[in-house]
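Just so you know, the sequence shown maps onto residues 242 to 638 in the numbering used here. Report on the following structure.
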Amino acid sequence: MNAEQKMKNNKIVLGMSGGVDSTTAALLLLERGYDVYGMYFNIHETGFGGREEARAALREAYKAYENSIMKCEHHFSEDKFIYKDASHEFRDIVISDFCLEYKHGRTPNPCVICNPDIKFRLLTETADALGAPYVATGHYAKTVYDEARGAHFIAAKASKKDQSYMLYRLPQEIISRLIFPLAEFAEKESVRNIARKNGLSSAEKSDSQEICFIDNSVDYVDFIKNFNGDSEDKTGIEEGNFINAEGKVLGRHKGLVNYTIGQRKGLGIALGYPAFITEIDCENNTVTLGKNETLFKTEAIICDLFFTETGNAELPCGIEKRNLSAKVRYAAPRAAVKIVSASDKKYEKVQSADSSSTVLKIIFDAPQRAMTPGQSLVIYDDDGDKVIGGGRILKAL
242 MNAEQKMKNN KIVLGMSGGV DSTTAALLLL ERGYDVYGMY FNIHETGFGG REEARAALRE
302 AYKAYENSIM KCEHHFSEDK FIYKDASHEF RDIVISDFCL EYKHGRTPNP CVICNPDIKF
362 RLLTETADAL GAPYVATGHY AKTVYDEARG AHFIAAKASK KDQSYMLYRL PQEIISRLIF
422 PLAEFAEKES VRNIARKNGL SSAEKSDSQE ICFIDNSVDY VDFIKNFNGD SEDKTGIEEG
482 NFINAEGKVL GRHKGLVNYT IGQRKGLGIA LGYPAFITEI DCENNTVTLG KNETLFKTEA
542 IICDLFFTET GNAELPCGIE KRNLSAKVRY AAPRAAVKIV SASDKKYEKV QSADSSSTVL
602 KIIFDAPQRA MTPGQSLVIY DDDGDKVIGG GRILKAL
């Protein structure tokens with residue numbers, strides 16, 4: 242039985258940002274009969290968050306609900322809005338990982354870290370304290386349940402907005418309690434239209450910024466340097482050499498934190514042909530440049546593994562017999578893959594300090610461009626679009 246089928250206790254804790262997705266999600270949940278509690282997380286030590294904006298959005302959703310029907314089951318009260326200051330643990334868990342990864346020449350996914358360790362953990366803890374069986378967010382994803390494999394995510398109908406990639410590390414005990422009101426919408430404009438129809442002020446609000454904890458006015462490189470403070474460790478910040486595939490020095494780079502695999506713009510070097518970053522070597526503080534065609538590879542080594550069915554790094558039984566695909570970044574299309582084991586010792590030098598020792602080799606049927614260390618590689622079962630699991634990319638081969 243899934244969460245939608247159980248309505249004896251209809252309390253639900255919804256993650257609220259004040260944007261159009263979470264506000265519309267609140268209205269839709271109210272219309273379905275849920276008793277909605279909105280929860281806002283403050284993650285900014287500098288305080289540029291939106292606590293009052295989120296509170297106003299929840300109040301507005303309740304008002305729209307009350308105006309839409311003759312008899313309301315639930316009404317807004319101040320205790321329906323919950324505020325949680327998560328700034329310190331967010332800094333220690335998410336921001337520190339973000340900065341460390343960039344300093345070591347990798348490109349992180351902060352949302353992938355935040356979702357299991359901060360956002361959904363706090364949502365479920367708050368739900369437990371309230372006696373609420375359900376939690377929700379305005380994510381574009383969908384949950385399914387079957388007896389054989391338990392609770393899983395599947396890709397949302399809005400393929401361009403599908404966020405199942407960012408959620409792959411959530412355990413089944415959280416997935417089984419999740420409701421995503423926006424799962425069935427094929428496009429974001431449909432959500433905005435509901436908000437407009439109901440007079441929600443968030444209807445025309447722009448989408449959230451790419452990195453939620455860095456203000457749009459701040460360059461991420463400056464953010465990392467400031468986070469580093471007066472530390473004597475200048476890893477990733479000091480200048481070094483641009484080289485070619487043969488090791489020939491081509492010029493000077495400004496520090497590893499400025500670069501990512503596949504990057505062309507902002508290199509500050511002219512080679513007589515379009516040059517792209519093909520490799521970043523933290524140990525030697527070098528950035529390798531090459532032509533675009535050298536970015537296409539068919540194999541990736543991944544670590545820090547998590548699979549939904551097993552709840553850990555262990556591969557699900559019979560996975561080699563399934564039709565699998567994978568995404569190498571959030572906006573990338575899925576592509577057919579096979580999974581094979583890989584030698585731990587061969588790749589242990591390129592692993593993150595906090596990675597598990599287990600690594601896997603993922604083989605794509607077709608070459609993929611710019612598979613980037615630090616990014617997540619997320620695996621799907623093509624028979625039903627289910628999220629199987631994944632891990633961080635260590636190296637492309």
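Yeah, the Cβ is synthetic: ideal placement off N, Cα and C, and Gly gets one too.
Item                                                                                                                     : Value
Where the alpha helix (DSSP H) containing K429 begins and where it ends                                                  : K429 to K438
Residues near L411 by beta carbon distance below 7 Å, same chain, minus five either side                                 : N356, P357 and F361
Top-ranked residue by Cα proximity to E272, from S258, S263, H285 and Y306                                               : Y306
Reduced DSSP secondary structure (H/G/I, E/B, other) of M407                                                             : helix
Length of the line joining the Cα atoms of L635 and C544                                                                 : 7 Å
Between the CA atoms of N482 and N526 - distance to the nearest angstrom                                                 : 7 Å
Between the CA atoms of K466 and V498 - distance to the nearest angstrom                                                 : 9 Å
CB of A373 within 8 Å of CB of K252, strictly                                                                            : yes
Under 8 Å between C-beta atoms of K321 and V277                                                                          : yes
contact_flag[the stretch 510 to 520, the stretch 572 to 580] where n(CB pairs < 8 Å) is 3 or more                        : no
C-alpha distance - G552 paired with G513, whole-angstrom precision                                                       : 50 Å
Residue range of the unbroken alpha helix (DSSP H) whose run includes L364                                               : F361 to L371
Residues near E555 by beta carbon distance below 7 Å, same chain, minus five either side                                 : F548
For H285 and A327, the rounded distance between their alpha carbons                                                      : 8 Å
Residues near V569 in its chain [Cβ-Cβ closer than 6 Å; skip 5 each side]                                                : Q609, M612 and L618
Alpha carbon of K402 to alpha carbon of S431, nearest angstrom                                                           : 12 Å
For R300, the first and last residue of its enclosing alpha helix (DSSP H)                                               : R292 to S309
Three-state secondary structure assigned by DSSP to D595                                                                 : With a pLDDT of only 45 at D595, under 50, the local geometry of the prediction cannot be trusted, and the value read off the model is given with reservation. Three-state DSSP puts D595 in coil, outside helix and strand.
Distance CB(L441)-CB(A302) smaller than 8 Å                                                                              : yes
Secondary structure, beta strand (DSSP E): runs of 3+ residues fully inside the stretch 457 to 514                       : 481 to 484 and 490 to 494
Burial state of V184, where buried means 16 or more other Cβ atoms lie within 10 Å                                       : Given a span of 242 to 638 for the chain in the structure shown, any question on residue 184 remains unanswerable.
Cut-off 6 Å between Cβ atoms - residues of its own chain near R296, not counting five sequence neighbours on either side : F322
E473 versus G291 - alpha carbon distance                                                                                 : 35 Å
Assigned secondary structure, R332 (DSSP; H/G/I helix, E/B strand, else coil)                                            : helix
E272, enclosing alpha helix (DSSP H) - first and last residue                                                            : V261 to E272
Rounded C-alpha distance that separates A637 from Y343                                                                   : 17 Å
Completely contained beta strand (DSSP E) runs for the stretch 519 to 556, where each covers 3 or more residues          : 527 to 531 and 537 to 548
Closest Cα partner of D212 within the set S443, S263 and R390                                                            : Nothing can be reported for residue 212: it is not among the residues displayed for the chain, which extend from 242 to 638.
Delimiting residues of the beta strand (DSSP E) encompassing Q609                                                        : L601 to R610
T384 and L419 closer than 8 Å at C-beta                                                                                  : yes
Y571 - DSSP class collapsed to helix/strand/coil                                                                         : coil
CB of G503 within 8 Å of CB of L536, strictly                                                                            : yes
Three-way DSSP call (helix, strand, coil) for F282 in this model                                                         : strand
Reduced DSSP category for L441 - H, G, I as helix; E, B as strand; rest coil                                             : coil
Own chain, CB closer than 6 Å to F464, minus 5 neighbours either side, in chain order                                    : I455
Reference E319; option with closest CA among G279, I435, Y500 and S337                                                   : G279
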